[in-house]
């Protein structure tokens, strides 16, 4: 299984923190102009841990993302959805989304 690592490189309380998430808890949806929606779903304990990592990020804060050790690619944080209750295979789960924007360098 692949893992996706999110890094916090700014901010006062959570700077220099990383979050490793197994791909079984994530799906990625590409949007136009470099935006991606990262969809998280899983048991409450895991989703709350993931949500806390993204909590208090500022709009446009840099979040490097490394997918399966291919190298970190910088994105801007654009927003987080509320946590929703759902059910999968008869078990309760939690879901939420994070929107990221690919950081482009101007030449």
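In the numbering used here, the protein residues as written are 11 to 117. Quick reminder that beta carbons are idealized off the backbone N, C-alpha and C, glycines included.
Segment contact flag, the segment 79-92 with the segment 33-41, C-beta cutoff 8 Å, min 3 pairs:
no
Supposed close pair residue 103, residue 52 - CB separation, criterion 8 Å
The residue given as residue 103 occupies position 93 in the chain shown. The residue given as residue 52 occupies position 42 in the chain shown. Contact holds; Cβ gap of about 6 Å.
Could you tell me the distance, in whole angstroms, from the CA atom of residue 64 to the CA atom of residue 74?
For the purposes of this step, residue 64 is taken as residue 54 along the chain shown, with counting starting at 1. For the purposes of this step, residue 74 is taken as residue 64 along the chain shown, with counting starting at 1. Rounded to whole angstroms, residue 64 to residue 74 spans 12 Å at the Cα level.
Could you check how far apart the C-beta atoms of residue 29 and residue 16 are, in whole angstroms? I think they sit under 8 Å.
Numbered from 1 along the chain shown, position 19 holds the residue referred to as residue 29. Numbered from 1 along the chain shown, position 6 holds the residue referred to as residue 16. Yes, they are in contact, since the Cβ atoms of residue 29 and residue 16 sit about 5 Å apart, within 8 Å.
Can residue 33 and residue 56 be called in contact, C-beta distance under 8 Å?
Here the question's residue 33 lines up with position 23 in the chain shown. Here the question's residue 56 lines up with position 46 in the chain shown. Contact flag unset, no.
Where does residue 44 fall in DSSP's three states?
Here residue 44 refers to the residue found at position 34 when the chain shown is read from its first residue. DSSP places residue 44 in helix when its eight states are reduced to three.
Going by beta-carbon coordinates alone, are residue 88 and residue 111 separated by less than 8 Å?
Against the chain shown, residue 88 aligns to sequence position 78. Against the chain shown, residue 111 aligns to sequence position 101. Yes, the pair counts as a contact, with Cβ atoms nearer than the cut-off.
In angstroms with no decimal places, state the Cα-to-Cα distance between residue 106 and residue 99.
As a position in the chain shown, residue 106 is number 96, starting the count at 1. As a position in the chain shown, residue 99 is number 89, starting the count at 1. Each residue's alpha carbon lies about 18 Å from the other.
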